[in-house]
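Residue numbers (the numbering used here): 59 to 929.
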């Protein structure tokens, strides 16, 4: 068995530098993640041998039986792919969505993915940059700096990665410093006044120390307009800088240190109206405007504030590799900080109803150590350990706008003229003294506080894991592999919230009972002391809308008082541990063909609902009818006297995800042709689902979600200079069990948002003159078959019996042409989404606007020219 130890310097690297041509310069292809900066093609006898390290050791593509899509740095340059959002156009198993802000993105592999918009939820797809885990999507965004390649590892990877990777891994490998002076500069100008400046320099400080610096800056006008504010949104304004040192004092030891800083300061993101329901009249009555659904792709919005988003992401890492004969040692130490803040108009109208502010901080320390063998005998092993320590804090609030009270008065059925002219209305009646039949709030207090809510959240997460694999080759060409990962994960969290609106402090069922008993019942104990018949009669009247007219106002209590955690019943902790494992058999049928079969399990620890939507578990509290505390049955929270008005059960956290996958594959490579095929059956028990309900987010575990399918990719070089690639993924997903979703029981239904077919294909032709000058022409096509965007909206679709589900189909064509002169100068042009394909990214219930639907439109066509100089 041919094997290459991890992190090798000196002779091995020299040998690997011998070959560099063929399929690896195109994407996608099936290759494997790599920690060091070794080239993807090596040649002892064949220059098309691809060196990969999905198993965290260098092996050839044929020897490493794991399904991975690879996009090389050259493809990123030619296709003008600038960040991971664009990566999905060349990787059919991957989907990436950016929604509410520049920092709210979700990575999805084989239909599994989560983690956007809630920092308590770690993504099921782990993102690693130069071997360092980026725990939140906001820390993995921004322009890709000086990338050598990006690998997308499909399926659970827990036996080789020390942190959550229950659905897959995105591994970004950047270029390391070189011992020869060189560099590049690049300038791009495109439509929407796009300007991109990139540059990098590298060289030696001595015979044993090399350095490099790189940076990029990108700005772009917004392609969407906030009409009433005469402002653009969906702009780009971001930059990053990075410095590296590579220390190689001997052929057996190397150390690579990286420091980096990046910043995003953008106005994002465009939301259009798809359905303007009955509440639109209330928006208009207070002088507000909403975008016209007929103009969804005109990119026009009406807002009362300009939404802003700032992301600062910085850190440092040190990787050390030491070879002691047949044993190699690797250590990766990293510390990172993420600062994320945004302001958003959450009602997406020009009426001044409500805005949300959020400020988040994430500090992360990670340490990984590995020992890898490279024996001549039949047995080799890898043993590793991983430590993770992270602290998260968040301060957020919802601001009441000047129009919110009038808007809700009108929605409550009050005459708009009376409301807008200051005449006494329903809210004034509720604010009247108790003696006058009101609640005594004080006049003009309902929805007139500066803040609707204010929150403070914090979480500390520590985990450690031990992982390893053993390869046994009893006969030449047959390799049996066993692997394991034991993870111990601890989370401690604290959440508190203040709900300022007085209306939210009253439960209308309990208030009716107090009034009906002339003040005789003001506590749960007094109500429970009544005869059962009296309780039943009072409760029947209090929950009857024809008798208790206040029940209709419960919809305006969507931010009720919050039960802080930890408390006497809830300890604010999760404790998880799990052993996952891998079994695999691989056989080299011939030097050109390998086959394999594997079974693997994966694990992701509990996620915490760090939001104002966090609610006690049903085992700790069950509310009475209409949210009544008086009529609530006994529960730990009730019995401890902790219940607050309008408290309901929900989720504080979602339990762990446990994944398993059966996979078989075949890999073949010949001169001018290579292909890879993987068939899989993958399930996740307890998939952590985060769904927007129109007024908040619900975090719940699906019982079981599964997907069957296959991934196929091929690369053909029919003639010199022409390379064709084709990649296709077919997915057949199913909710095997999900009785508690926000849309009811989804068991037996197909999970929405997962296209049955995804295709990425490309043609690249390079014409080279005798002088060495080249003309590189590339065209690629990305297709996602028509599919339901979601399984229905909790408000809009439920009211319609799920008879109107929004759908999406994607057909993107991208193209580029580059003239690369033999002196290092390159001049080119590009277009992404050449034919201006339009589709809906996702949809959601409009905030506090029942019957209305909002959505995110796709990005329009972009194009431009590029000048690059490499030296």
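Here a beta-carbon is modelled for each residue, glycine too, at the ideal position from N, C-alpha and C.
Per-residue DSSP class, three states only, for residue i
i	result
residue 660	strand
residue 484	helix
residue 299	strand
residue 153	strand
residue 129	strand
residue 568	helix
residue 776	strand
residue 700	coil
residue 677	coil
residue 124	coil
residue 307	strand
residue 922	strand
residue 316	strand
residue 708	coil
residue 905	coil
residue 248	strand
Buried or exposed (CB count within 10 angstroms, at least 16 for buried), residue i
i	result
residue 144	buried
residue 911	buried
residue 382	exposed
residue 714	buried
residue 929	exposed
residue 183	buried
residue 265	exposed
residue 38	For the chain, the structure presents residues 59 to 929; residue 38 sits outside this window and is missing.
residue 103	Model confidence at residue 103 stands at a pLDDT of 41, short of 50, so the residue's coordinates are unreliable; what they give is reported in the following sentence. By the 10 Å Cβ count, residue 103 comes out exposed.
residue 605	exposed
residue 591	exposed
residue 90	Reliability fails at residue 90, whose pLDDT of 32 lies under 50, so the model's placement of it is uncertain and no value is given.
residue 570	buried
residue 308	exposed
C-beta atoms of residue i and residue j nearer than 8 angstroms
i	j	result
residue 407	residue 360	yes
residue 281	residue 393	no
residue 124	residue 211	yes
residue 706	residue 723	no
residue 889	residue 872	yes
residue 913	residue 887	no
residue 683	residue 567	yes
residue 249	residue 921	yes
residue 456	residue 236	no
residue 765	residue 688	no
residue 908	residue 337	yes
Given residue i as reference, the closest of the options once Cα atoms are compared
i	options	result
residue 885	834, 891, 863, 866	834
residue 54	192, 197, 900, 783	A question about residue 54 goes unanswered here, because the residues of the chain that appear run from 59 up to 929.
residue 737	151, 140, 633, 204	151
residue 613	281, 346, 704	704
residue 242	204, 230, 267	204
residue 619	301, 559, 545	559
residue 233	249, 252, 226, 304	304
residue 185	898, 543, 225	225
residue 197	313, 320, 315	320
residue 930	486, 413, 478	Past the edges of the chain, shown from 59 to 929, lies residue 930, and the structure says nothing about it.
residue 611	588, 579, 585, 563	563
residue 169	809, 927, 865	809
residue 875	925, 469, 518, 386	925
residue 795	762, 390, 817, 819	762
residue 852	868, 798, 448	798
residue 582	735, 475, 268, 701	701
heavy atom of the ligand ADP below 7 angstroms from residue i C-beta
i	result
residue 455	In the structure on display, the ligand ADP does not appear, and there are no ligands present to speak of.
Checklist entry - With contact counted as at least three CB pairs below 8 angstroms, one residue from each stretch, are the stretch 435 to 451 and the stretch 518 to 535 in contact? => result yes
Checklist entry - Counting pairs of beta carbons, one from the stretch 153 to 168 and one from the stretch 317 to 326, are three or more of them closer than 8 angstroms? => result yes
Checklist entry - Touching or not, the stretch 752 to 763 and the stretch 657 to 677, by the rule of three or more beta carbon pairs under 8 angstroms? => result yes
Checklist entry - So, do the stretch 777 to 790 and the stretch 738 to 747 have three or more beta carbon pairs nearer to each other than 8 angstroms? => result No: the two stretches stay apart, fewer than three of their Cβ pairs being nearer than 8 angstroms.
Next on the checklist: Count Cβ pairs between the stretch 637 to 644 and the stretch 482 to 496 that sit closer than 8 angstroms; are there 3 or more?
Outcome noted: no
Next on the checklist: For the pair the stretch 504 to 522 and the stretch 369 to 379, tell me if three or more CB-CB distances fall below 8 angstroms.
Outcome noted: no
Item to check | contact_flag[the stretch 615 to 629, the stretch 546 to 561] where n(CB pairs < 8 angstroms) is 3 or more | outcome: yes
Item to check | Stretch pair the stretch 544 to 552 + the stretch 625 to 636: three plus CB contacts closer than 8 angstroms | outcome: Touching, yes.
Item to check | Cβ contact (3+ pairs, closer than 8 angstroms) linking the stretch 536 to 546 and the stretch 582 to 599 | outcome: no
Checklist entry - Is it true that the stretch 822 to 842 meets the stretch 185 to 195, where meeting means three or more beta-carbon pairs spaced less than 8 angstroms apart? => result no
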